[in-house]
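Numbering (the numbering used here), first residue to last: 122 to 436.
Where is the CB? At the ideal position from N, CA and C, for every residue including glycine.
In C-alpha coordinates, the structure reads:
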(Lines of atoms letter the chains of each structure in order from A and count residues from 1; the text may use other names and numbers.)
(Lines give C-alpha, C1' and ligand atoms only; values in the text may rest on other atoms or scores of the structure.)
Protein backbone atom coordinates (compact mmCIF):
# COMPACT_ATOMS: atom_id res chain seq x y z
CA UNK A 1 0.00 0.00 0.00
CA UNK A 2 1.19 3.55 -0.67
CA UNK A 3 2.56 5.67 2.15
CA UNK A 4 1.59 9.27 2.84
CA UNK A 5 3.16 11.85 5.12
CA UNK A 6 1.53 14.59 7.19
CA UNK A 7 3.41 17.28 9.08
CA UNK A 8 1.07 18.68 11.70
CA UNK A 9 0.97 21.93 13.64
CA UNK A 10 2.69 22.06 17.02
CA UNK A 11 -0.07 24.28 18.39
CA UNK A 12 -1.94 21.26 19.80
CA UNK A 13 0.44 18.42 18.86
CA UNK A 14 -1.35 15.47 20.49
CA UNK A 15 -4.73 16.52 19.11
CA UNK A 16 -3.25 17.24 15.66
CA UNK A 17 -1.59 13.82 15.45
CA UNK A 18 -4.73 12.02 16.67
CA UNK A 19 -6.85 13.91 14.15
CA UNK A 20 -4.81 12.54 11.23
CA UNK A 21 -4.76 9.02 12.67
CA UNK A 22 -8.52 9.11 13.32
CA UNK A 23 -9.24 10.14 9.73
CA UNK A 24 -6.91 7.48 8.34
CA UNK A 25 -8.55 4.75 10.45
CA UNK A 26 -12.03 6.04 9.64
CA UNK A 27 -11.47 5.67 5.91
CA UNK A 28 -9.36 2.51 6.15
CA UNK A 29 -9.32 0.58 9.43
CA UNK A 30 -6.30 -1.40 8.26
CA UNK A 31 -4.13 1.72 7.97
CA UNK A 32 -0.68 1.48 9.54
CA UNK A 33 0.67 4.49 11.38
CA UNK A 34 4.10 5.72 12.42
CA UNK A 35 4.71 8.98 14.30
CA UNK A 36 8.06 10.78 14.47
CA UNK A 37 7.82 14.09 16.31
CA UNK A 38 5.09 16.02 14.45
CA UNK A 39 5.45 13.85 11.32
CA UNK A 40 2.72 11.23 10.80
CA UNK A 41 3.33 8.51 8.23
CA UNK A 42 0.27 6.56 7.07
CA UNK A 43 0.34 3.37 5.03
CA UNK A 44 -3.15 3.10 3.58
CA UNK A 45 -5.21 2.72 0.43
CA UNK A 46 -6.76 6.14 1.20
CA UNK A 47 -5.27 8.97 -0.93
CA UNK A 48 -3.36 11.50 1.15
CA UNK A 49 -5.42 14.34 -0.38
CA UNK A 50 -8.62 12.98 1.18
CA UNK A 51 -7.14 13.14 4.67
CA UNK A 52 -5.32 16.45 4.17
CA UNK A 53 -8.44 18.23 2.89
CA UNK A 54 -10.36 17.37 6.04
CA UNK A 55 -7.66 17.78 8.67
CA UNK A 56 -7.54 21.15 10.45
CA UNK A 57 -3.99 21.01 11.77
CA UNK A 58 -2.03 19.53 8.84
CA UNK A 59 0.58 22.00 7.59
CA UNK A 60 2.19 19.90 4.84
CA UNK A 61 1.20 16.59 3.29
CA UNK A 62 2.02 14.40 0.33
CA UNK A 63 2.93 10.97 -0.93
CA UNK A 64 6.05 9.21 0.30
CA UNK A 65 8.22 7.80 -2.50
CA UNK A 66 10.66 5.91 -0.36
CA UNK A 67 12.85 6.35 2.67
CA UNK A 68 16.26 7.90 2.10
CA UNK A 69 19.27 5.92 3.22
CA UNK A 70 22.81 7.25 2.96
CA UNK A 71 22.16 8.34 -0.62
CA UNK A 72 19.79 11.28 -0.42
CA UNK A 73 19.53 12.06 -4.12
CA UNK A 74 18.67 9.02 -6.21
CA UNK A 75 17.69 9.58 -9.84
CA UNK A 76 15.17 6.75 -9.60
CA UNK A 77 13.08 9.00 -7.38
CA UNK A 78 12.73 11.58 -10.14
CA UNK A 79 10.55 9.31 -12.31
CA UNK A 80 7.51 10.70 -10.50
CA UNK A 81 8.27 14.09 -12.07
CA UNK A 82 7.89 12.98 -15.66
CA UNK A 83 4.81 14.82 -16.91
CA UNK A 84 5.18 17.71 -14.45
CA UNK A 85 5.82 21.03 -16.16
CA UNK A 86 7.11 22.91 -13.13
CA UNK A 87 8.36 21.99 -9.68
CA UNK A 88 9.98 23.30 -6.56
CA UNK A 89 12.08 21.56 -3.90
CA UNK A 90 11.45 21.95 -0.21
CA UNK A 91 13.66 20.58 2.58
CA UNK A 92 12.02 20.27 5.99
CA UNK A 93 14.21 19.74 9.02
CA UNK A 94 12.42 18.08 11.93
CA UNK A 95 15.67 16.86 13.46
CA UNK A 96 17.92 18.38 16.10
CA UNK A 97 20.82 18.54 13.65
CA UNK A 98 21.65 21.75 11.77
CA UNK A 99 20.93 21.41 8.05
CA UNK A 100 21.71 23.86 5.26
CA UNK A 101 18.18 23.93 3.88
CA UNK A 102 18.75 26.46 1.01
CA UNK A 103 21.80 24.54 -0.27
CA UNK A 104 19.98 21.19 -0.18
CA UNK A 105 17.03 22.68 -2.08
CA UNK A 106 19.34 24.19 -4.71
CA UNK A 107 21.31 20.97 -5.15
CA UNK A 108 18.21 18.83 -5.51
CA UNK A 109 16.66 21.32 -7.91
CA UNK A 110 19.73 21.20 -10.15
CA UNK A 111 19.63 17.40 -10.18
CA UNK A 112 15.94 17.31 -11.07
CA UNK A 113 16.48 19.73 -13.95
CA UNK A 114 19.28 17.47 -15.21
CA UNK A 115 17.11 14.34 -15.27
CA UNK A 116 13.73 15.85 -16.22
CA UNK A 117 12.30 18.48 -18.52
CA UNK A 118 10.47 20.24 -15.69
CA UNK A 119 11.39 23.80 -14.79
CA UNK A 120 11.74 25.38 -11.39
CA UNK A 121 8.80 27.54 -10.30
CA UNK A 122 8.72 28.95 -6.79
CA UNK A 123 5.40 30.73 -7.23
CA UNK A 124 3.13 28.17 -8.90
CA UNK A 125 4.76 24.73 -9.22
CA UNK A 126 2.67 21.83 -10.49
CA UNK A 127 4.60 19.58 -8.11
CA UNK A 128 6.53 20.02 -4.87
CA UNK A 129 9.36 17.65 -3.98
CA UNK A 130 10.05 17.18 -0.27
CA UNK A 131 13.11 16.07 1.62
CA UNK A 132 12.14 15.49 5.23
CA UNK A 133 14.87 15.07 7.85
CA UNK A 134 14.16 13.59 11.29
CA UNK A 135 16.39 12.29 14.07
CA UNK A 136 15.33 8.71 13.26
CA UNK A 137 15.39 8.60 9.46
CA UNK A 138 14.91 10.78 6.40
CA UNK A 139 12.18 10.72 3.78
CA UNK A 140 11.61 11.65 0.14
CA UNK A 141 8.13 12.62 -1.01
CA UNK A 142 6.07 14.83 -3.29
CA UNK A 143 2.72 16.51 -3.59
CA UNK A 144 0.75 18.47 -6.11
CA UNK A 145 -0.72 21.82 -5.15
CA UNK A 146 -3.59 21.06 -2.79
CA UNK A 147 -6.43 23.51 -2.85
CA UNK A 148 -7.67 24.21 0.65
CA UNK A 149 -11.05 23.03 1.87
CA UNK A 150 -13.69 25.68 1.10
CA UNK A 151 -14.26 27.98 4.04
CA UNK A 152 -17.68 29.49 4.71
CA UNK A 153 -18.14 32.42 2.32
CA UNK A 154 -19.55 34.78 4.93
CA UNK A 155 -18.11 35.68 8.29
CA UNK A 156 -20.12 34.58 11.30
CA UNK A 157 -22.18 37.52 12.51
CA UNK A 158 -21.71 36.83 16.21
CA UNK A 159 -18.23 35.85 17.43
CA UNK A 160 -18.00 32.44 19.07
CA UNK A 161 -15.40 31.01 21.43
CA UNK A 162 -14.86 27.91 19.30
CA UNK A 163 -12.64 28.74 16.30
CA UNK A 164 -13.00 26.94 12.99
CA UNK A 165 -9.86 24.81 13.33
CA UNK A 166 -10.86 23.33 16.68
CA UNK A 167 -14.41 22.88 15.39
CA UNK A 168 -13.18 20.97 12.35
CA UNK A 169 -10.80 18.86 14.44
CA UNK A 170 -13.65 17.96 16.82
CA UNK A 171 -15.85 16.86 13.91
CA UNK A 172 -12.98 14.73 12.62
CA UNK A 173 -12.32 13.20 16.05
CA UNK A 174 -16.02 12.30 16.16
CA UNK A 175 -15.45 10.15 13.05
CA UNK A 176 -18.34 11.71 11.12
CA UNK A 177 -18.13 10.77 7.45
CA UNK A 178 -19.17 12.84 4.46
CA UNK A 179 -22.92 12.45 3.92
CA UNK A 180 -23.56 11.65 7.60
CA UNK A 181 -25.12 14.10 10.06
CA UNK A 182 -23.72 15.84 13.12
CA UNK A 183 -25.83 17.44 15.83
CA UNK A 184 -24.86 20.46 17.94
CA UNK A 185 -27.27 20.78 20.91
CA UNK A 186 -25.81 24.19 21.83
CA UNK A 187 -25.39 25.50 18.30
CA UNK A 188 -25.21 29.21 19.16
CA UNK A 189 -24.38 31.15 16.00
CA UNK A 190 -23.74 27.99 14.00
CA UNK A 191 -19.95 27.57 14.01
CA UNK A 192 -20.15 23.77 14.10
CA UNK A 193 -22.97 23.65 11.56
CA UNK A 194 -21.13 25.86 9.08
CA UNK A 195 -17.89 23.92 9.40
CA UNK A 196 -19.66 20.57 9.02
CA UNK A 197 -21.49 21.69 5.89
CA UNK A 198 -18.25 22.97 4.35
CA UNK A 199 -16.88 19.42 4.87
CA UNK A 200 -19.78 17.74 3.08
CA UNK A 201 -21.43 16.70 6.36
CA UNK A 202 -25.09 17.36 7.17
CA UNK A 203 -25.81 19.31 10.35
CA UNK A 204 -28.64 19.80 12.84
CA UNK A 205 -28.57 22.59 15.41
CA UNK A 206 -30.46 22.98 18.69
CA UNK A 207 -30.49 26.08 20.89
CA UNK A 208 -32.96 27.31 23.50
CA UNK A 209 -32.09 30.96 22.67
CA UNK A 210 -34.36 32.15 19.84
CA UNK A 211 -31.94 34.93 18.88
CA UNK A 212 -29.05 32.48 18.49
CA UNK A 213 -31.25 30.24 16.34
CA UNK A 214 -32.06 33.17 14.09
CA UNK A 215 -28.41 34.17 13.71
CA UNK A 216 -27.42 30.56 13.01
CA UNK A 217 -30.11 30.29 10.34
CA UNK A 218 -28.93 33.54 8.74
CA UNK A 219 -25.30 32.39 8.71
CA UNK A 220 -26.19 29.09 7.07
CA UNK A 221 -28.48 30.74 4.53
CA UNK A 222 -25.81 33.32 3.68
CA UNK A 223 -23.56 30.42 2.68
CA UNK A 224 -26.31 28.70 0.66
CA UNK A 225 -26.82 25.94 3.23
CA UNK A 226 -30.33 24.95 4.22
CA UNK A 227 -30.79 25.64 7.95
CA UNK A 228 -31.96 22.75 10.17
CA UNK A 229 -32.29 24.53 13.51
CA UNK A 230 -34.60 23.72 16.41
CA UNK A 231 -35.40 26.33 19.06
CA UNK A 232 -35.50 23.80 21.90
CA UNK A 233 -33.63 22.77 25.03
CA UNK A 234 -30.65 20.44 24.59
CA UNK A 235 -32.60 17.34 25.66
CA UNK A 236 -34.55 17.67 22.40
CA UNK A 237 -31.66 15.69 20.91
CA UNK A 238 -33.26 12.56 22.41
CA UNK A 239 -36.37 13.11 20.28
CA UNK A 240 -34.38 13.40 17.05
CA UNK A 241 -31.57 10.93 17.82
CA UNK A 242 -32.40 8.84 14.76
CA UNK A 243 -31.65 11.82 12.51
CA UNK A 244 -27.94 12.20 13.35
CA UNK A 245 -24.80 10.07 13.66
CA UNK A 246 -22.82 11.97 16.29
CA UNK A 247 -22.71 15.01 18.55
CA UNK A 248 -20.16 17.82 18.47
CA UNK A 249 -20.70 20.82 20.74
CA UNK A 250 -19.11 23.45 22.96
CA UNK A 251 -20.90 23.51 26.31
CA UNK A 252 -21.76 27.01 27.62
CA UNK A 253 -20.18 28.22 30.84
CA UNK A 254 -19.92 31.34 33.01
CA UNK A 255 -21.01 34.58 31.39
CA UNK A 256 -21.20 32.83 28.01
CA UNK A 257 -24.10 30.77 29.36
CA UNK A 258 -27.60 32.20 29.48
CA UNK A 259 -29.10 29.03 30.91
CA UNK A 260 -30.71 29.07 34.33
CA UNK A 261 -28.68 26.05 35.44
CA UNK A 262 -25.24 26.43 37.06
CA UNK A 263 -22.49 25.27 34.63
CA UNK A 264 -21.55 22.18 36.70
CA UNK A 265 -25.16 21.01 36.93
CA UNK A 266 -25.74 21.67 33.23
CA UNK A 267 -22.70 19.59 32.23
CA UNK A 268 -23.64 16.69 34.50
CA UNK A 269 -27.27 16.72 33.34
CA UNK A 270 -26.26 16.97 29.69
CA UNK A 271 -24.02 13.91 29.92
CA UNK A 272 -26.78 11.84 31.53
CA UNK A 273 -29.05 12.65 28.58
CA UNK A 274 -26.61 11.87 25.77
CA UNK A 275 -28.14 9.29 23.41
CA UNK A 276 -26.53 5.91 23.92
CA UNK A 277 -24.41 4.43 21.14
CA UNK A 278 -23.81 7.87 19.62
CA UNK A 279 -20.30 9.17 18.98
CA UNK A 280 -19.52 12.52 20.54
CA UNK A 281 -16.80 15.12 20.95
CA UNK A 282 -17.62 17.78 23.52
CA UNK A 283 -15.74 20.82 24.74
CA UNK A 284 -16.24 22.19 28.24
CA UNK A 285 -14.39 24.30 30.79
CA UNK A 286 -11.68 22.40 32.67
CA UNK A 287 -12.97 21.25 36.03
CA UNK A 288 -16.56 20.79 34.90
CA UNK A 289 -15.64 17.31 33.64
CA UNK A 290 -14.25 15.97 36.94
CA UNK A 291 -17.43 14.27 38.23
CA UNK A 292 -18.60 12.77 34.96
CA UNK A 293 -19.39 9.07 35.15
CA UNK A 294 -18.78 8.23 31.54
CA UNK A 295 -16.05 6.28 29.78
CA UNK A 296 -14.02 8.43 27.39
CA UNK A 297 -11.52 7.36 24.76
CA UNK A 298 -9.50 10.59 24.93
CA UNK A 299 -9.23 13.96 26.66
CA UNK A 300 -7.31 17.04 25.46
CA UNK A 301 -6.49 20.24 27.32
CA UNK A 302 -6.91 23.40 25.25
CA UNK A 303 -5.21 26.38 26.89
CA UNK A 304 -6.95 29.64 26.01
CA UNK A 305 -5.47 32.10 28.52
CA UNK A 306 -4.18 32.05 32.10
CA UNK A 307 -7.66 31.90 33.64
CA UNK A 308 -9.26 29.52 31.16
CA UNK A 309 -8.40 26.02 29.97
CA UNK A 310 -10.94 24.02 27.97
CA UNK A 311 -11.25 20.24 27.76
CA UNK A 312 -12.14 18.28 24.64
CA UNK A 313 -13.79 14.99 25.60
CA UNK A 314 -13.97 12.20 23.01
CA UNK A 315 -16.10 9.07 23.02
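> Where residue 249 and residue 138 are concerned, what is the direct C-alpha to C-alpha distance, given to the nearest angstrom?
Replying inline: 23 Å
> For residue 307, which of 353, 132, 184 has the nearest alpha-carbon?
Replying inline: 353
>> Given a cut-off of 8 Å on the beta-carbon distance, is the pair residue 438 and residue 145 in contact?
In response: Residue 438 is absent from the structure shown; the chain starts at 122 and stops at 436.
>> Using only CA atoms, which one of 330, 333, 331, 337 lies nearest to residue 324?
In response: 337
> With respect to the beta strand (DSSP E) encompassing residue 259, which residues constitute its N-terminal and C-terminal limits?
Replying inline: 259-264
>> So for residue 165, helix, strand or coil by DSSP?
In response: coil
>> Ignoring anything shorter than 3 residues, give me the beta strand (DSSP E) runs that lie fully in the stretch 136-184, in order along the chain.
In response: 153-157, 160-164
>> Just to confirm before moving on: does the CB-CB distance between residue 288 and residue 160 stay below 8 Å?
In response: no
> Roughly how many angstroms lie between the CA atoms of residue 314 and residue 326, to the nearest whole one?
Replying inline: 7 Å
> Would you report the Cα separation of residue 124 and residue 184, rounded to the nearest angstrom?
Replying inline: 6 Å
>> Relative to the C-alpha of residue 383, which candidate in 400, 406, 235, 419 has its C-alpha closest?
In response: 406
> So what's residue 349 in DSSP terms, helix, strand or just coil?
Replying inline: coil
>> Using C-beta distances below 8 Å, list every residue in its chain close to residue 172, excluding the 5 sequence neighbours before and after it, in chain order.
In response: 125, 127, 141, 144, 145, 148, 163, 179, 182
> Does the separation of the CB atoms of residue 399 and residue 367 fall below 8 Å?
Replying inline: yes
>> Assuming residue 73 and residue 265 are in contact, meaning their beta carbons sit under 8 Å apart, how far apart are those beta carbons, in whole angstroms?
In response: Only positions 122 to 436 of the chain appear in the structure, and residue 73 is not among them; the question remains open.
>> Between the alpha carbons of residue 156 and residue 207, how many angstroms are there, rounded?
In response: 31 Å
> Hey, residue 294 and residue 402 are a contact pair by Cβ (cut 8 Å); roughly how many whole angstroms apart?
Replying inline: 5 Å
>> For residue 389 and residue 290, I'd like the C-alpha separation in whole angstroms.
In response: 24 Å
>> Tell me the rounded alpha-carbon separation between residue 335 and residue 322.
In response: 21 Å
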